[in-house]
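**Q**
Numbering (our numbering), first residue to last: 106 to 330.
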């Protein structure tokens, strides 16, 4: 089976899951609204510009996971999935996943979002393999430390290669779908790179390399040919 890899945010989702999680926590009164929103926007802008320090971003994202007990986090995450993530899931994105599943693809998400946020989203899509920023636990609480290399930029390639070696997979016939120029290292590695709702930098690169460009805006099917 050929690997079919998906970025998560602004690719399978019509939005960014970690950005939305912060907004949800602000609206729920868990985070201070003014300061948290400003930092959330600053970090997201740096991500879009390709200048993000992933460790600085993780420190911000993991703070509420460290401070609050697991039962509260699970309750908030359930509410977050229904109120914020479900509206981000388009028919076109579901079609894209189901088309490759029907064709016998080996499906995996490779995302820079942390595992706490991304695991239930992978489950929602029925995608069995998830490579995300893995978080350390101690006595059922998050420590704020990351396990291994964060799945960001070149880190996605490193983690993917480690996972393939461990599981006996390879990139023969592989696909990768993403919206972001931050994912160019992985796009250059697979056999079938696809730009999905691409940002301007990725869009220009895809045009120059004659890569397919897919729009998952809910208006057309994302099923592969």
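Note that CB positions come from ideal geometry on N, CA and C, so glycine has one too.
Predicted, not measured: the structure shown is a model, and the values here were computed from it.
1. Quick one: which unbroken beta strand (DSSP E) runs of 3-plus residues sit fully inside the region 234 to 271? Chain order, please.
2. Helix or strand or just coil, what does DSSP make of residue 227?
3. What's the C-alpha gap between residue 210 and residue 253?
4. Any idea which residues DSSP pairs residue 283 with across the strands?
5. Examine the Cβ distances between the region 296 to 314 and the region 131 to 141 and report whether three or more of them are shorter than 8 Å.
6. With distances taken between CB atoms, is the gap from residue 294 to residue 276 smaller than 8 Å?
7. What is the rounded straight-line gap between the Cα of residue 186 and the Cα of residue 199?
8. Between the Cα of residue 152 and the Cα atoms of 315, 298, 115 and 313, which residue gives the shortest distance?
9. Go ahead and pull the three-state DSSP assignment for residue 115.
10. Taking the continuous beta strand (DSSP E) assigned at residue 214, which residues delimit it?
11. Between the region 157 to 171 and the region 245 to 261, are three or more C-beta pairs nearer than 8 Å?
**A** In short:
1. 234 to 243 and 246 to 252
2. helix
3. 27 Å
4. 300
5. No, the region 296 to 314 does not touch the region 131 to 141.
6. yes
7. 16 Å
8. 115
9. helix
10. 211 to 219
11. Yes, they touch.
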